[in-house]
Amino acid sequence: MDRRDREFAEFAQTRSTALRRTAFLLCGDWQRAEDLVQTALVKLYVSWHRVNRDGNVDAYVRTILTRTAIDEFRRAHRRREHLTDEPPEVPARQADAENVVDVRRVLDQLPSGQRAVLVLRYWEDLSITETARTLRVSEGTVKSQTAKALASMRRLLGPGTIAFEELS
Amino acid sequence: MTEPDDRDVRALLGTAVHGEPPSALEPARLMRLGKRRLRLQRVSAALGVVVIAGGVALGAGLLRQHDNGTGPDQIGAAATSPPPATSPPTTSPPATQTPTIPGTPIVLASDVIATQNAVLKHEYTALGSGLSPVSGQFAFVATKPSGLVGADYIGSGMTTRLGDQRGTGDFILNADVTIGADPGTMLSCDSSKTTCAVQTVGGISVEVETDHPTAKTTRIFTVALSLSGNVLINGTSDNLDSPQTRNATRPSPPLTADQLARITAAIAKASP
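From first to last, the protein sequence lines are chains A and B. Every letter in the first sequence is one number past the one before it in my numbering, and letter 73, counting from 1, is 73. Every letter in the second sequence is one number past the one before it in my numbering, and letter 206, counting from 1, is 374.
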């Protein structure tokens with residue numbers, strides 16, 4: 001095993017779980033999340049020497065992951081999505097376990113940009129500047145997308161859900 | 169309502185990853201895939217010039233079949249620059265391509281994009297639709313990254329808004345470079361919510377989808393997909409002015425499914 005393989009294997013071993021969770025939050029499907037991480041890590045392997053030399057491997061993978069997820073969403077949106085004029089009805093609170101479902105459902109309804117901003121800022125703990133750089137948008141856009149995403153979450157979660165109360 | 173603490177949002181997102189299934193990601197497999205991609209890039213680098221030259225020659229041949237009449241003024245400037253390749257393949261100068269070395273993007277050569285633009289202009293003019301671009305670009309430009317095939321591959325694309333007295337609507341075309349694409353997979357109708365069929369237009373297979381308004385949406389779109397060699401063409405026409413505002417400004421997309429299929433097939437035919 002050469003140096004590239006050793007270093008890459010160590011990185012993949014330690015980071016793949018966290019990357020998969022981030023990918024899941026971006027796309028909402030574990031299988032697709034795994035595909036996204038695989039795509040990002042394979043690309044990282046190809047560019048390992050350059051990226052590792054630059055010293056920002058995490059940022060590189062995160063950027064690939066996020067942008068690929070957004071691109072796939074937009075492609076699927078163009079081809080398959082059926083827009084609705086109104087959000088689906090919010091089911092009434094039934095049990096604590098539904099909290100998971102509530103949050104996933106809401107994430108699925110956020111536009112890809114808002115969803116990515118939310119994940120990068122609150123899950124990955126990136127600053128506004130880092131988020132803007134990752135998404136290649138302005139810091140102003142990040143701020144407005146964050147505000148919209150949080151507002152949408154509150155609206156879509158609805159007052160009858162546990163998650164809403166946590167966010168209020 | 170107060171602004172949530174950052175930790176609250178993070179905790180909320182954390183609930184969404186609850187019940188995480190076991191991962192099948194293995195570094196050894198990732199490295200095998202990485203090595204294969206490296207080999208693929210090296211082979212592509214060696215074959216790239218040949219492929220692109222073939223594409224340009226094909227495009228030039230197609231252009232000779234078209235009458236190269238000028239299009240409407242409103243699409244002239246963007247769609248005619250740079251000029252298409254028109255000389256016979258045997259006398260064409262060597263096609264130019266951004267050098268492709270491992271770790272750098274594989275791109276559609278500027279010659280190919282110029283050919284796509286020439287064909288786009290010709291086909292659009294031939295439609296005689298009476299629609300004029302009101303915003304956006306009416307010409308292919310290099311785009312990256314492609315979500316379908318990864319960020320190492322650069323294709324071309326254009327988005328314009330067409331309008332007439334009935335309103336406006338979007339017309340989007342993307343050409344994505346793919347390697348090892350399977351036409352059977354790429355062109356397969358897999359949605360039960362749309363009208364979809366794979367048809368042959370000018371010798372090129374085109375998957376054509378249409379969607380119709382329902383009680384909850386006023387969106388109507390047509391999509392045409394065509395695969396030629398290693399380039400996937402994706403054409404969309406939509407009656408909404410944007411997915412965000414969802415204002416239907418036309419009763420139907422500016423381009424019909426047949427029109428979109430014809431343009432998409434022609435672009436595919438002119439791409440390597």
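Heads up, the beta-carbon is just placed ideally off N, CA and C, and yes, glycines get one too. Please read all numbers here as calculations on a predicted model, not as lab measurements.
As assigned by DSSP and simplified to three states, the class of B/Glu188:
In the second sequence, the residue the question calls residue 188 of chain B occupies position 20. Three-state result, B/Glu188: coil.
Relative to the alpha-carbon of B/Thr327, which residue among B/Pro301, B/Ser373, B/Ala196 and B/Ser394 has its alpha-carbon at the smallest distance?
Sequence index remark: in the second sequence, residue 327 of chain B carries index 159 (1-based). Checking every option, the nearest Cα to that of B/Thr327 belongs to B/Pro301.
Three-state secondary structure assigned by DSSP to B/Val302
Position 134 of the second sequence, counting from 1, holds the residue named residue 302 of chain B. Looking at B/Val302 - three-state DSSP - the assignment turns out to be strand.
Counting only C-beta atoms, is A/Arg15 closer than 8 Å to chain B at any point?
The count along the first sequence starts at 1 and reaches residue 15 of chain A at position 15. Contacts with chain B at 8 Å (Cβ-Cβ) do not include A/Arg15.
Excluding five sequence neighbours on each side, which residues of the same chain lie with their C-beta closer than 6 Å to the C-beta of A/Gly172?
The structure shown does not extend to residue 172 of chain A, since chain A is modelled only from 1 to 168, so the question has no answer here.
Mapping DSSP to helix, strand and coil, what is B/Ala429?
Along the second sequence, read from residue 1 onward, the residue named residue 429 of chain B stands at position 261. In the three-state DSSP reduction, B/Ala429 falls in the helix class (H, G or I).
Spatial neighbours of B/Val391 within its chain, please: C-beta separation below 6 Å, excluding the five flanking residues on both sides.
As a first step, residue 391 of chain B must be located in the second sequence, where it is residue number 223. Residues Glu377 and Thr404 of the same chain have their beta carbon placed closer than 6 Å to that of B/Val391, with the five preceding and five following residues left out of the count.
Just to confirm my understanding: we take A/Val51, look at its own chain, exclude 5 residues before and 5 after, and list those with CB closer than 7 Å. What are they?
On the first sequence, position 51 is the one that residue 51 of chain A refers to. Within the same chain, A/Val51 has close Cβ partners Leu44, Val57 and Tyr60.
Do you know offhand how far B/Leu423's Cα is from B/Arg197's?
The residue given as residue 423 of chain B occupies position 255 in the second sequence. The residue given as residue 197 of chain B occupies position 29 in the second sequence. For B/Leu423 and B/Arg197, the distance between alpha carbons rounds to 45 Å.
Do B/Phe308 and B/Gln284 have their C-beta atoms closer together than 8 Å?
Here residue 308 of chain B corresponds to residue number 140 of the second sequence, with the count starting at 1. Here residue 284 of chain B corresponds to residue number 116 of the second sequence, with the count starting at 1. Result yes, Cβ atoms of B/Phe308 and B/Gln284 sit closer than 8 Å.
Going along chain B in order, which residues have a C-beta closer than 8 Å to the C-beta of A/Val37?
Residue mapping note: residue 37 of chain A aligns to position 37 of the first sequence, counting from 1. Ordered by position in chain B, the residues that pass the 8 Å Cβ test against A/Val37 are Leu193.
Quick one: what's B/Gly337 bridged to in DSSP?
Your numbering for residue 337 of chain B matches position 169 in the second sequence. When DSSP reads this structure, B/Gly337 sits in a beta bridge with B/Leu330.
Between which two residues does the beta strand (DSSP E) harbouring A/Asp2 extend?
To locate residue 2 of chain A, count along the first sequence from 1; it is residue 2. Per DSSP, A/Asp2 lies in no beta strand (DSSP E) and is assigned neither H nor E.
Own chain, CB closer than 8 Å to A/Trp48, minus 5 neighbours either side, in chain order
In the first sequence, counting from the first residue as 1, residue 48 of chain A sits at position 48. Arg4, Glu7 and Phe8, listed in sequence order.
Three-state secondary structure assigned by DSSP to B/Asn402
Position 234 of the second sequence, counted from the first residue, corresponds to residue 402 of chain B. Look at B/Asn402 here: in three-state DSSP terms it is strand.
So B/Ala433 and B/Gly370 are in contact, right, with Cβ under 8 Å, and what is the actual spacing, rounded?
On the second sequence, residue 433 of chain B is found 265 positions in, with the first residue counted as 1. On the second sequence, residue 370 of chain B is found 202 positions in, with the first residue counted as 1. A Cβ-Cβ distance of about 5 Å is found for the pair B/Ala433 and B/Gly370, placing them in contact under the 8 Å criterion.
Span of the beta strand (DSSP E) around B/Thr363
Position 195 of the second sequence, counted from the start, is the residue given in the question as residue 363 of chain B. Residues Thr363 to Val369.
Does the beta carbon of A/Val119 come closer than 8 Å to any beta carbon on chain B?
For the purposes of this step, residue 119 of chain A is identified with residue 119 of the first sequence, where counting begins at 1. Cβ-Cβ to chain B under 8 Å: yes for A/Val119.
Spatial neighbours of B/Asn402 within its chain, please: CB distance less than 6 Å, with the 5 preceding and 5 following residues excluded, ordered by chain position.
Numbered from its first residue, the second sequence carries residue 402 of chain B at position 234. Asn342 and Leu393, listed in sequence order.
Rounded separation between A/Thr22 and A/Thr66 - CA only:
For the purposes of this step, residue 22 of chain A is taken as the residue at position 22 of the first sequence. For the purposes of this step, residue 66 of chain A is taken as the residue at position 66 of the first sequence. Between the alpha carbons of A/Thr22 and A/Thr66 lies a gap of roughly 9 Å.
How far does the beta strand (DSSP E) with B/Ala377 in it reach, from first residue to last?
On the second sequence, position 209 is the one that residue 377 of chain B refers to. Here the sequence assigns Glu to residue 377 of chain B, which means Ala is not the residue at that position. Here the beta strand (DSSP E) through B/Glu377 covers Ile372 to Asp379.
May I ask you to list the residues that DSSP assigns as paired with B/Thr311?
What you label residue 311 of chain B is simply residue 143 of the second sequence in a count that begins at 1. For B/Thr311, which the question treats as bridged, DSSP gives the partners B/Gly323.
Would A/Glu34 pass as an interface residue toward chain B - the criterion being a Cβ-Cβ separation below 8 Å?
Sequence index remark: in the first sequence, residue 34 of chain A carries index 34 (1-based). For A/Glu34, at least one C-beta of chain B is nearer than 8 Å to its own C-beta.
Given a threshold of 16 other Cβ atoms within 10 Å of its Cβ, counted over all protein chains shown, does B/Gly296 qualify as buried or as exposed?
Position 128 of the second sequence, counted from the start, is the residue given in the question as residue 296 of chain B. B/Gly296 should be labelled exposed.
Taking DSSP as the reference, what is the three-state secondary structure of B/Ala277?
As a working note, residue 277 of chain B is residue 109 in the second sequence. It is coil, neither helix nor strand.
Is the Cβ of B/Met199 closer than 8 Å to any Cβ of chain A?
The residue you call residue 199 of chain B lines up with position 31 of the second sequence. Cβ-Cβ to chain A under 8 Å: yes for B/Met199.
Would A/Ile128 and A/Lys148 qualify as a contact pair, given that the criterion is a beta-carbon distance under 8 Å?
What you label residue 128 of chain A is simply residue 128 of the first sequence in a count that begins at 1. What you label residue 148 of chain A is simply residue 148 of the first sequence in a count that begins at 1. Result no, Cβ atoms of A/Ile128 and A/Lys148 do not sit closer than 8 Å.
Relative to the alpha-carbon of A/Arg20, which residue among A/Val101, A/Arg155 and A/Ile64 has its alpha-carbon at the smallest distance?
Counting from one through the first sequence, the residue named residue 20 of chain A turns up at place 20. Taking only the C-alpha atoms, the option nearest A/Arg20 is A/Ile64.
State the beta-bridge partners of A/Ser16 as determined by DSSP.
Here residue 16 of chain A is taken as the residue at index 16 of the first sequence, counted from 1. BP columns for A/Ser16 are empty, so no partner.
Go to A/Asn169, then tell me how far its alpha helix (DSSP H) extends in each direction, as first and last residue.
Chain A is shown from 1 up to 168; residue 169 of chain A falls before or after that span and cannot be answered.
Minimum C-alpha distance to A/Leu107 - residue among B/Val177, B/Ala436 and B/Ala425
Residue 107 of chain A sits at position 107 when you count from the first residue of the first sequence. Among B/Val177, B/Ala436 and B/Ala425, the Cα nearest to that of A/Leu107 is on B/Val177.
Under the three-state reduction of DSSP, which class applies to B/Val345: helix, strand or coil?
Looking up residue 345 of chain B in the second sequence gives position 177. Strand.
Of the choices A/Ser16, A/Gln13 and A/Phe24, whose alpha-carbon is the least far from that of B/Gly182?
Translated into positions along the second sequence, residue 182 of chain B becomes position 14. Out of A/Ser16, A/Gln13 and A/Phe24, the CA that lies nearest to the CA of B/Gly182 is found in A/Phe24.
Could you have a look at A/Ala151 and say whether DSSP puts it in helix, strand or coil?
To locate residue 151 of chain A, count along the first sequence from 1; it is residue 151. Residue state, collapsed to three classes: helix.
Is there at least one Cβ from chain B nearer than 8 Å to A/Arg62's Cβ?
Mapped onto the first sequence, residue 62 of chain A falls at position 62. Output row for A/Arg62: interface = no.
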